[in-house]
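Protein sequence lines correspond, in order, to chains A and B. Just so we're aligned, residue 680 is where the first sequence starts under the working numbering, counting upward by one. Just so we're aligned, residue 680 is where the second sequence starts under the working numbering, counting upward by one.
Protein chains: 2
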Amino acid sequence: MKRVVCVFLTVGALAWGQSNPASVAARQWRQAHEREIMAEFVELLSIPNIARDKANIRRNAEAIAAMFRKRGAQAQLVVEPDANPVVFAELKTAGATRTIVLYAHYDGQPLEASEWLNPPFTPTLRDKTIEKDGQVVPLATAKFPLDPEMRLYARSASDDKAPILAMATALDAMKAAGLKTRSNIRFVFEGEEEAGSANLGRILAAHKDLFSADVWLICDGPVSQTRQQLVAFGARGVTTINLTTYGARRELHSGHYGNWAPNPAMMLARLLASMKDDSGRVRVPGFYDGIAPLSETEKRAIADAPVPDKDLMAELWLGGTEGAPGRLLDLIQQPSFNIRGMSSSRTGAGASNVIPATATASIDMRLVKGMDRVKTVERVTEYIRGQGYFVTDHEPSAGERMAHAKVASVMLHEAGYNAVRTPMELPISQEVMRTVESARGKVVRWPTMGGSVPLEKIEDTLGTRTISIPMANHDNSQHSFNENIRIQNLWDGIELMAALISM
Amino acid sequence: MKRVVCVFLTVGALAWGQSNPASVAARQWRQAHEREIMAEFVELLSIPNIARDKANIRRNAEAIAAMFRKRGAQAQLVVEPDANPVVFAELKTAGATRTIVLYAHYDGQPLEASEWLNPPFTPTLRDKTIEKDGQVVPLATAKFPLDPEMRLYARSASDDKAPILAMATALDAMKAAGLKTRSNIRFVFEGEEEAGSANLGRILAAHKDLFSADVWLICDGPVSQTRQQLVAFGARGVTTINLTTYGARRELHSGHYGNWAPNPAMMLARLLASMKDDSGRVRVPGFYDGIAPLSETEKRAIADAPVPDKDLMAELWLGGTEGAPGRLLDLIQQPSFNIRGMSSSRTGAGASNVIPATATASIDMRLVKGMDRVKTVERVTEYIRGQGYFVTDHEPSAGERMAHAKVASVMLHEAGYNAVRTPMELPISQEVMRTVESARGKVVRWPTMGGSVPLEKIEDTLGTRTISIPMANHDNSQHSFNENIRIQNLWDGIELMAALISM
């Protein structure tokens, strides 16, 4: 059933896409150069790109600047102290009356390499997904044109080097077809988005001349779960904390001290469990205060969007959802409180009969418009205090631990940023919609994307609106191990970027 | 204050200990041979001894058999299919009317080597504990006699190779002093106690001729937290399970799916939190059913025992205890439900913004007399079902996951064994008490030790009573990283073992 729907949509996109000359040119170019495009992508994905790995981050930035210089853009690294470089590249257009920024990021989420089936920085083509037992297809011997259902596995294959490769390829196609830009086009590639974009505001503020524009188009995230092109007019904000509970100074033998020594894993479980009710609603007082309501247009867009829930549940082996009967698209308009990781002593082969000394949950909170990230963390901290805890923002001292029966620390992991939402009715919103549809057919419109991008930093610093236009497949395992991109999404993305660049 | 108490106790022990000739001989021998004793211990501790590491387990068994053969005992490895060897050594005594088994185990708890300050199988002497910034003292240049407050760090330094070394050294001392045994003495060293003693019953049953005795003296565990010698007339049983909750088939981007995809870490937290009340009492129906009450003698022993709680809280940086106002010694007479480890996706540097796919808690339950380990696991499983979960004892299939909103698995990690308790009034109990006091001064008597030893397998298979006589310091980090033994405890243990061997 699902496959039939996808075929229909692909045909639909073909029909509409023909109306955009840059997209048509992009397709022709891609069909003739798949091998070269893949080779360049593999080279880019082979450079490790975790934000704290400064040496490799620099290599990425230089490689990307070189890619755009090769395509005739003026490229430079914008460097501020203690920040990863932002790659800036520009195509100036004589007589242009507006400036458009295309944004992506070249850093990737942290990872544990041992969890990956292929090493995360050894891009690996498979004929199907790993879940479907996809087999490795060496690029050297692969048959071209590629089966568009193939997947390329590597960290940032989807998130977020794919748009960078797609933009560069779109420039090749436009040049070959003799198509010119109409706006000044600025490419901005951030190097620490997955580390919370802590320095983006500062970098933008220090170089307003480079970064100001009429609109920022954010090329990050996945398209709709129905594989339809998505345009999102906002994104949830995010802030990340580490919550740790403390037991005895050292791990204790669970026999000799079990029942007597406080178990921090149980303390953590009790705290976390108390923070959400059965329906998934966060019980921290004030958590939902101040949320800006959706406009009528936004409500209509949600009502018009396809409902992928049932297919998604089957794809993900789910027998239920957290916010049921709420639908995915409605639920991501709400803030979320998510345990992204939890640990205490050891499980598996290294586990032993101890009472742990500490237990930690790493928590990300997704924020919607009207919520403040600082206030949200304060409310969570206050809530924990209300449960009888002495709460510190540092590793508690021996004295602090001895003075209180229940001790926890809440440490900000990534300060993050707030949510923003661009009204769908604005002329620029309408024009972007039309452009995307001319390349990709009928699109799905969402007021807010579930994921987070540092729109706030852009809007607050530059006073510029942002609109998100993703290209990755939804089933890309982004942020997890075995991240991948579906080849058809890469091809579609090239056509999309050509349309945006020629806006 | 605490230090003053310890000094007093040491003096007390000296005074009493002089009444046992074998102990006196052991002390004299040890004082003259500290360097050689340490060298032999280091050699033994250098052989890795995790139960699943079959090759090294064999090396341990052979080394220990050789140690006792060298001392004139008849030693052999008792090998059954799929089981780690039991080292058996015997000193036959002409005309003896009884047989005493001294039991210890030579395997150690599983570990993560990266957590250790020195490699776990590179025994390392320090002038003080690591907590007190103890510095490494190379054995080659150490001053002898050693400062008795020094610590030797290595896996099984306390648990449970120390008694093996102490027994072998006691034999040297007795031989040098011309002291003879009065009973037949059998040494039994198990090789998979820390893996749940799954095969011990089978091995004992197959070799009753070797293992039958009038009493088994169990040399495992720590002495009282006041550093006084302990005799324990029972031990809690134990059974270990892994409880896993399931979310989506793969980790999901926490932005795009947060609020919609079930979070197995939160599911696990809610389950665990519901299983104990605020006072630490287990809420699983029937958990406490059938517990055998303490006798008047046992109650009196507890009332007479020192109360280390306050000193322990300071030592462990605790501002409160789980079962407060209950005291440690009372609380370990009750069964416990302990989270020994917990994990879900990643925390720390490798953490990323995902909704985990699974979450696991490793749980050990300590059982007291009258409880059945199988029934206890069943009750926990039933309880989880009662919380609306579909519970499997295997990795759930795609179909099982899709058919149920809440899916968990409960897998038996180590079947374990039940608790047993030997009456304190028995003649053999009284005689063992007198013997230990003749070596170590006034001892603390506990009806039940908090930790677990496979007494049930011994008593059920052989019909023999068991009494536990530990020698390790309580602050030994056994089962955790940085396990160690306090040198004075090693010395005391040699005197203790000499007294037991000459019983």
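Just so you know, even glycine gets a beta-carbon here, dropped at the ideal spot from N, CA and C. Source: prediction; values computed, not measured.
- Less than 9 Å divides the Cβ of B/Leu-1169 from the Cβ of B/Leu-831.
- Of A/Glu-791, A/Ile-809, A/Arg-834 and A/Phe-767, the smallest CA-CA separation from A/Leu-883 is found for A/Phe-767.
- B/Arg-1100 sits in a strand when the DSSP states are folded into three classes.
- Between A/Ile-1164 and chain B, the shortest Cβ-Cβ separation is not below 9 Å.
- When secondary structure is reduced to three states using DSSP, B/Val-910 falls in the strand class.
- When only Cα atoms are considered, B/Ser-903 and A/Arg-834 end up about 53 Å apart.
- By a beta-carbon distance limit of 8 Å, A/Ser-1156 contacts B/Arg-929. Their separation comes to about 6 Å.
- Annotation: the continuous beta strand (DSSP E) that includes A/Asn-1017 extends over 1015 to 1024.
- Residue environment analysis places B/Thr-1114 among the buried positions, since at least 16 neighbouring C-beta atoms fall within 10 angstroms of its C-beta.
- Leu-951, Ala-952, Lys-955 and Gly-959: these are the residues of the segment 950 to 963 of chain A whose beta carbon lies less than 7 Å from some beta carbon of chain B, given in chain order.
- Residue environment for A/Thr-801: exposed (fewer than 16 other C-beta atoms within 10 angstroms of its C-beta).
- A direct Cα-to-Cα measurement between A/Leu-997 and A/Gly-1129 gives close to 19 Å.
- Note on B/Ser-1076: under 16 other CB atoms within 10 angstroms of its CB, so exposed under the neighbour-count rule.
- Between A/His-1158 and A/Thr-919, the C-beta gap is not smaller than 9 Å, which leaves the two residues out of contact.
- In the three-state reduction of the DSSP assignment, A/Gln-710 falls in the helix class.
- Under DSSP, the beta-bridge partners assigned to B/Leu-931 are B/Ile-1034.
- A/Val-721 sits in a helix when the DSSP states are folded into three classes.
- Residue contact with chain A for B/Gln-1013: present (Cβ-Cβ distance below 9 Å to some residue of chain A).
- The C-beta distance from A/Asn-942 to B/Asn-797 rounds to 28 Å, too long to fall under 8 Å, and the pair is not in contact.
- Taking 9 Å as the CB threshold, B/Leu-1007 lines the interface with chain A.
- Taking C-beta atoms as the reference points, A/Ile-736 and A/Gly-880 fail to come closer than 9 Å.
- A straight line joining the alpha-carbon of A/Leu-1134 with that of B/Lys-811 spans about 49 Å.
- Of the residues B/Ala-773, B/Arg-861, B/Ser-933 and B/Asp-988, the one whose Cα lies closest to the Cα of B/Thr-905 is B/Asp-988.
- Note: A/Lys-955 is bridge-paired with A/Val-961 in the DSSP secondary-structure output.
- Proximity of the segment 852 to 871 of chain A to the segment 762 to 777 of chain A meets the contact definition, three or more beta-carbon pairs being nearer than 8 Å.
- Note on the segment 1086 to 1144 of chain B: whole beta strand (DSSP E) runs with a minimum of 3 residues are 1086 to 1096 and 1123 to 1125, in chain order.
- In the structure shown, B/Ala-836 falls within a coil segment according to DSSP collapsed to helix, strand and coil.
- Assignment of B/Pro-901 by DSSP, reduced to helix, strand and coil, places it in the strand class.
- Inter-residue distance for A/Arg-915 and A/Thr-772 is about 34 Å (C-alpha atoms, whole angstroms).
- Annotation: A/Val-867 is outside any alpha helix (DSSP H); the continuous beta strand (DSSP E) that includes it extends over 863 to 869.
- In this structure the segment 777 to 791 of chain B touches the segment 885 to 895 of chain B; the number of beta carbon pairs closer than 8 Å is three or more.
- Per DSSP, A/Ser-1181 has no beta bridge partner at all.
- Approximately 6 Å separates the beta-carbon atoms of B/Glu-713 and B/Pro-824; this is inside 8 Å, confirming the contact.
- In this structure, A/Gln-1066 lies near A/Lys-1085, with their beta-carbon atoms less than 9 Å apart.
- Within chain A, the residues whose beta carbon sits less than 9 Å from that of B/Thr-1026 are Asn-921, Arg-1019, Gly-1020, Met-1021, Ser-1022, Thr-1039, Ala-1040 and Ser-1041, listed in sequence order.
- Contact between B/Met-1044 and B/Val-917 is confirmed by a C-beta separation of about 7 Å, below the 8 Å threshold.
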